[in-house]
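In the order they appear, the protein sequences are chains X and V.
Letter by letter, the first sequence follows residues 755 to 1015 of the working numbering.
Letter by letter, the second sequence follows residues 28 to 245 of the working numbering.
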Amino acid sequence: MAILQSERLFGLACLLVIMAAVAYYIKSSEGGKAPKVRRVAGIDAIDEAIGRAVEMGRPIICSHGIADLRAATTGPQTLAGLSVLSYVTKKAIASNARVIVPVRQHEVWPIAADIVETEYKLAGRADEYDSDDIRFLSSDQFGFSSSYMGLLMRENPGANIMIGAYWAESLQLAETGNSVGAFQITGTAQTSQIPFFLVTSDYCLIGEEIYSAGAYLTKDAPLIGSLAGQDIGRMIAVVLSVLGTLAYTVGINTLLDLFGM
Amino acid sequence: MSNVLRRIEIPLLITAFCTLLQVIPYYLNIPVIDSASATMRDWMLLVVNMAVFVGVISLGQVHGKRIQRRGENWPYSAVLIVFMVFMAIVGFPLEGFGLGFANAQYLFMFNNILNPLGGTMYSILAFFITSAAYRAFRARNWDAAFVLVSGTIVMMSNAPLFTSSLPFLVTWKNWIFDVPNAATGRGVMIGAALGAVALAVRTLMGIERGYLRGGGED
């Protein structure tokens, strides 16, 4: 039996090249020289959202989506949402704002609680941490949705930040947030939900922008460098798309064979 | 010893090890790693199932305190606690005692309360879509006009009232779905996949720490 799975070899090669490019840019940025990254209005607006909530004397609701950490496509979105939660909590503590975190997945609850608690400890205000604000609502999709909507109506937040994986409940949550007048920043890589977020939010992060949010917010040079490494992947994707389209049009299936499709 | 166990490198190493153990079997046929990967997935299921109690404890804490303090809307919290305990008891997997998923009370609650409530929540989505569409479908600029026109075509093509007399609407709708919609969706998906790869590299290299312990500054 061959060790290498031949039909996945080309995909592996592409993955390794992209990973190597990302790692290279991270290493080359370690001296503190970060590459220039375009402004992402939605991420820049997070500070504005926190400031608005503080001015209004209202809490901030920060959700990391409804997915668990296990799925290949949605798990990273939850991680991205948790990175944003870390930043939002840090800023909220500095501004004396209250952060409420609605949770659907029970295995994510301890991580979200740990992030918030640690931020309070780092700020030297561990006694102000309230575990009741990290709320497990329901593991049922629409049970979670109805509880979240109720939370929005009762708490009347100044800002509602939702970054992670969402499904059918996305519109219910964002529309309710809109109706209570919350400043809304949303983001997901679920293509079917992006239109709903675009329509109902003040700012919406689209696809890969949510993964870059954690790096972008820290302004740490190696993290920003990793974003430049993605461009190599983007170039590979564009070249393969053009080549694949041309080859398939003239009846050459080499690329499809290489990808085992 | 406790200081060693609290070091940030430990969760980072565990994360990197577990990630590689799941990725490698996708590309390589190495029976030992396949077996270890499968075992780790079983462990993961155990951990996840144990975490169910975390959710129950969190719910109990939040709503228990509210009942104790007679906080705002506390009767709803009491209803939640009563039903949660009742469902946990009748759904407990002890078939010999008549409990579990086949229990008549459990099935009654599931089929006549939980399912209809879930269906109701899903169905009110239609009203949210209507109010969102009302705001979105305004031709304020060229982009919004394209959304308005394509949205109108898609909606009309799903109504027999229009397709019976204007059958070409279905062809137009299919073109919208298969060409601009699919192309945009794939672009977003490729970008998201690249973002996830970069996130994975940052996590494996231990520099993406936002998800643990306040960025791992301690």
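Even for Gly, the Cβ is constructed at its ideal location relative to N, Cα and C.
Among the options, the one whose alpha carbon lies nearest that of residue i
i, options, result
"X:ALA848", "X:THR945, X:SER955, X:LYS875", "X:LYS875"
"V:CYS45", "V:ASN30, V:ALA115, V:TRP70", "V:TRP70"
"X:ASN1043", "V:SER158, V:GLY218, V:LEU196", "Past the boundaries of the shown model lies residue 1043 of chain X; chain X is included only from 755 to 1015, so the question cannot be answered."
"X:PHE890", "V:ALA115, V:VAL74, V:GLN88", "V:GLN88"
"X:LEU981", "X:ALA991, X:ALA967, X:VAL992", "X:ALA967"
"X:LYS787", "X:VAL992, X:PRO976, X:ALA1001", "X:PRO976"
"V:LEU47", "V:ILE35, V:ALA210, V:ALA65", "V:ALA65"
"X:ALA919", "X:MET903, X:SER901, X:GLN944", "X:GLN944"
"V:VAL75", "X:ILE797, X:ALA756, X:MET916, X:ARG824", "X:ARG824"
"V:PRO58", "X:GLY805, X:LEU758, X:ALA774, X:SER885", "X:LEU758"
"X:ALA826", "V:GLY233, V:MET77, V:ALA220, V:ILE234", "V:ALA220"
"X:ASP894", "V:PRO38, V:ARG213, V:GLY146", "V:GLY146"
"V:ARG165", "V:VAL176, V:PHE135, V:ILE217", "V:VAL176"
"X:ILE820", "X:LEU763, X:MET810, X:TRP921", "X:TRP921"
"X:ILE854", "X:GLU861, X:ALA867, X:ARG762, X:SER900", "X:ALA867"
"V:SER85", "V:MET67, V:GLY98, V:ILE108, V:TYR103", "V:ILE108"
"X:LEU763", "V:VAL50, V:LEU55, V:ASP170", "V:LEU55"
"X:ASN850", "X:ALA767, X:ALA877, X:SER840, X:LEU1012", "X:ALA877"
Identified DSSP bridge partners for residue i
i, result
"V:MET71", "Paired residue(s): none; V:MET71 is not in a bridge."
"X:CYS958", "X:THR940"
"X:SER817", "X:MET916"
"X:ILE888", "X:VAL855"
Supposed contact pair residue j and residue i - C-beta distance, whole angstroms, cut 8 Å
i, j, result
"X:VAL857", "X:ILE888", "6 Å"
"X:GLU909", "X:PRO830", "Wrong, their Cβ atoms sit about 29 Å apart, outside the cutoff."
"X:TYR778", "X:GLY983", "7 Å"
"V:ILE41", "V:PRO52", "Contact flag wrong, Cβ pair sits at about 18 Å."
"X:ILE964", "X:ILE772", "Between X:ILE772 and X:ILE964 the Cβ distance is about 18 Å, and since that is not below 8 Å, they are no contact."
Where residue i falls: helix, strand or coil (DSSP)
i, result
"V:ILE156", "helix"
"V:ARG96", "helix"
"X:ALA913", "strand"
"V:LEU55", "strand"
"X:HIS860", "coil"
"V:PHE204", "helix"
"X:LEU758", "strand"
"V:LEU39", "helix"
"X:ASP881", "helix"
"X:SER946", "coil"
"X:ALA826", "coil"
"X:GLY786", "coil"
"V:GLU235", "coil"
"X:ASP801", "helix"
"X:GLY1014", "coil"
"V:ASP61", "helix"
"X:VAL934", "coil"
"X:ARG988", "helix"
Amino acids of chain C, ordered along the chain, whose beta-carbon sits closer than 9 Å to that of residue i
i, result
"V:GLN88", "Among the protein chains in the structure shown, which are X and V, there is no chain C."
By the 9 Å beta-carbon criterion, what residues does the stretch 914-934 of chain X contribute toward chain V? For the stretch 914-934 of chain X, which is checked against every Cβ of chain V, the residues closer than 9 Å are ALA922, GLU923, LEU925, GLN926, ALA928, GLU929, THR930, ASN932, SER933.
Please identify, using Cβ separations under 8 Å, the residues of the stretch 976-992 of chain X that lie next to chain V, in order along the chain. Legend: CB atoms of the stretch 976-992 of chain X lying less than 8 Å from CB atoms of chain V belong to residues PRO976, LEU977, SER980, LEU981, GLY983, GLN984, GLY987, ARG988, ALA991.
Going along the chain, which residues of the stretch 879-900 of chain X sit with their C-beta nearer than 8 Å to a C-beta in chain V? Those residues of the stretch 879-900 of chain X that come within reach of chain V (Cβ to Cβ, closer than 8 Å) are SER885, ASP886, ILE888, ARG889, PHE890, SER893, ASP894, GLN895, PHE896, GLY897, SER899, SER900.
Going along the stretch 114-125 of chain V in order, which residues come within less than 9 Å of chain X, judged by CB to CB distance? If the cut-off is 9 Å between Cβ atoms, the stretch 114-125 of chain V has nothing near chain X.
Beta carbons nearer than 8 Å to chain X: which residues of the stretch 45-61 of chain V have them? So the close ones are TYR53, TYR54, LEU55, ASN56, ILE57.
Taking beta-carbon pairs under 8 Å, can you tell me which members of the stretch 769-780 of chain X lie near chain V? Listed in sequence order: LEU769, ILE772, MET773, VAL776, ALA777, ILE780.
Using Cβ-Cβ distances below 7 Å, what residues of the stretch 139-164 of chain V are close to chain X? Those would be GLY145, MET148, TYR149, LEU152, PHE155, ILE156, SER158, ALA159, ARG162, ALA163, in chain order.
Taking Cβ-Cβ distances below 9 Å as the criterion, which residues of the stretch 214-235 of chain V are in contact with chain X? Answer set for the stretch 214-235 of chain V: GLY214, VAL215, MET216, ILE217, GLY218, ALA219, ALA220, LEU221, GLY222, ALA223, VAL224, ALA225, LEU226, ALA227, VAL228, ARG229, THR230, LEU231, MET232, ILE234, GLU235.
What are the residues of the stretch 65-78 of chain V that lie near chain X, defined by any Cβ-Cβ distance shorter than 8 Å? If you check each beta-carbon in the stretch 65-78 of chain V against every beta-carbon of chain X, the ones closer than 8 Å belong to MET71, VAL74, VAL75, ALA78.
Within 8 Å of chain X by C-beta, residues of the stretch 182-210 of chain V in sequence order: For the stretch 182-210 of chain V, which is checked against every Cβ of chain X, not one residue is closer than 8 Å.
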